[in-house]
């Protein structure tokens with residue numbers, strides 16, 4: 001069963017249209033005064049979480065107590081975690097995090113170093129379609145699967161840093177402890193909903209190396225509680241490249257490719273993907289698309305303002321150097337960290353399995369759409385007139401859900417009632433019209 005981390009709290013929902021206007025895949029409708037998330041279309045980007053004034057959209061993460069189910073516990077902090085704290089070094093953050101009940105901390109930023117190294121080398125040996133599209137943001141990958149399937153061959157087939165970190169940390173823990181795989185728990189501290197979903201429903205790999213995902217907001221308060229009791233900091237091993245992945249453009253910088261383009265904010269990414277699909281950007285070598293403004297520091301599960309967090313990451317980077325990853329991983333077999341499940345396009349846009357019926361439905365959508373006002377006001381509970389036309393054909397809505405259509409119908413009915421009002425039934429009097 002497909003898991004979605006973004007869910008709706010109906011008790012809080014007021015039926016406003018903020019969410020339906022911002023959803024990049026038109027996955028939300030408002031019906032009977034409440035929002036409804038169409039699971040097949042949702043990519044868990046978190047835009048609805050960000051814009052809902054009533055906090056009715058909720059990101060479901062794992063409860064921190066689940067780590068007690070394992071003998072050996074490893075936590076994987078996202079690079080964006082480093083930008084959440086004022087006056088704390090990376091070593092302080094890692095030490096405080098480990099003291100929250102974990103046996104080991106493994107930096108996702110270090111795995112980002114490794115992915116950057118692999119990317120720099122593999123693009124020289126493998127013939128990718130240009131521009132190569134980053135696979136790091138799961139919301140963007142799912143967006144491409146749904147709205148831009150022709151670009152799937154452009155996606156870089158390397159596992160995202162969180163999965164690389166999970167694999168390395170798990171393999172090393174098994175060697176060090178002698179424990180079985182199921183006795184070792186690997187947990188990711190996530191800044192966003194899409195990464196939660198990607199662990200439960202992996203993209204490009206058969207099974208995730210992560211056992212649970214904790215919200216960065218929950219872990220943030222735990223770190224603040226522990227920081228004053230930590231005496232010895234942990235020496236971090238990530239470089240400025242890996243830490244820089246927290247901000248938009250960090251991955252592009254790590255590739256060392258000359259002609260890179262990075263874009264943050266999912267609506268901005270959609271515009272660029274449209275240009276790529278039209279062949280307007282085939283002179284670009286690498287495209288880094290990030291659903292959240294600012295990059296992962298702007299994720300819906302973060303605490304600090306994304307601009308403040310981005311500035312903190314930049315200051316942390318200034319204190320680091322651009323060292324290569326250790327010799328231990330330079331000699332690694334690239335195949336260990338490559339995607340091994342072919343990406344498939346999403347079928348959410350298919351109207352019917354029968355091609356003839358689907359064509360008829362498409363023609364009906366076109367006809368209904370032409371009859372609608374084309375204002376995309378959202379008052380009907382659908383994100384736009386085209387979406388309403390599709391909902392009508394699928395049987396999920398009526399043409400009178402459009403307030404303009406309803407107004408015209410009411411006007412016609414009022415005129416008919418007015419005409420009828422001057423009639424007198426034959427049993428009462430003359431069947432001739434009463435003259436006024």
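Numbering (the numbering used here), first residue to last: 1 to 436.
Glycine included, C-beta positions come from ideal geometry on N, C-alpha and C.
What are the partner residues of residue 30, as DSSP defines its beta bridges?
-> 35
Counting pairs of beta carbons, one from the region 171-188 and one from the region 125-138, are three or more of them closer than 8 Å?
-> no
For the alpha helix (DSSP H) that contains residue 161, what are its first and last residues?
-> 161-177
Return the CA-CA distance between residue 401 and residue 99, expressed in angstroms with no decimal places.
-> 55 Å
Mapping DSSP to helix, strand and coil, what is residue 209?
-> coil
Among 85, 160, 52, 301, which residue has its Cα nearest to the Cα of residue 61?
-> 301
Which of helix, strand or coil DSSP assigns to residue 215 = strand
Specify the secondary structure class of residue 190 as computed by DSSP and reduced to three states.
-> strand
CA-to-CA distance, residue 294 to residue 306, given in whole angstroms = 6 Å
In angstroms with no decimal places, state the Cα-to-Cα distance between residue 410 and residue 404.
-> 10 Å
How would you call residue 421, buried or exposed, if buried means at least 16 neighbouring beta carbons within 10 angstroms?
-> exposed
Go through the region 6-80 residue by residue and report every complete run of the alpha helix (DSSP H) that reaches 4 residues or more, in order.
-> 18-22, 47-51
By the 10 Å Cβ neighbour count, where 16 or more other Cβ atoms means buried, how is residue 414 classified, buried or exposed?
-> exposed
Going by other Cβ atoms of all chains shown within 10 Å of its Cβ, with 16 needed for buried, is residue 382 buried or exposed?
-> buried
Cβ neighbour criterion (16 or more within 10 Å) applied to residue 190 = buried
Per DSSP, residue 155 forms a beta bridge with which residues?
-> 133
Close-in-space but distant-in-sequence residues of the same chain around residue 9 (CB under 8 Å, 5 per side omitted) = 55, 56, 57, 58
By Cβ distance below 6 Å, which residues in the same chain neighbour residue 292 in space, the five residues on each side in sequence not counted?
-> 298, 299
Note down the Cα distance separating residue 385 from residue 373, rounded to an integer number of angstroms.
-> 7 Å
How should residue 6 be labelled, buried or exposed, when 16 other C-beta atoms within 10 angstroms of its C-beta is the threshold for buried?
-> buried
Where do the N-terminal and C-terminal ends of the alpha helix (DSSP H) with residue 404 fall, by residue?
-> 403-421
As assigned by DSSP and simplified to three states, the class of residue 427 | coil
Look up residue 439 in the DSSP assignment and say whether it is helix, strand or coil.
-> Residue 439 cannot be examined here, being either before or after the span of the chain that is shown, 1 to 436.
Assigned exposure category for residue 242 - 16 Cβ within 10 Å defines buried = buried
Kindly indicate the opening and closing residues of the alpha helix (DSSP H) around residue 251.
-> 250-255
For residue 394 and residue 38, the rounded distance between their alpha carbons = 13 Å
Beta carbon of residue 175, beta carbon of residue 153: below 8 Å?
-> no
Taking the alpha-carbon positions, what's the residue 274 to residue 142 distance?
-> 15 Å
Is the CB-CB distance between residue 251 and residue 173 below 8 Å?
-> no
Specify whether the region 77-97 and the region 205-215 touch according to this definition: at least 3 beta carbon pairs, one from each stretch, less than 8 Å apart.
-> no
Taking residue 166 and residue 73 to be in contact with their CB atoms under 8 Å, please state how far apart those CB atoms are, rounded to whole angstroms.
-> Wrong, their Cβ atoms sit about 13 Å apart, outside the cutoff.
Residue 115 to residue 286 span [Cα, whole Å] | 14 Å
Assign residue 447 to one of two classes, buried (16 or more other C-beta atoms within 10 Å of its C-beta) or exposed (fewer than that).
-> There is no way to answer for residue 447, as the model of the chain reaches only from 1 to 436.
Apply the 10 Å Cβ neighbour rule to residue 350 and answer buried if 16 or more other Cβ atoms are within range, or exposed otherwise.
-> exposed
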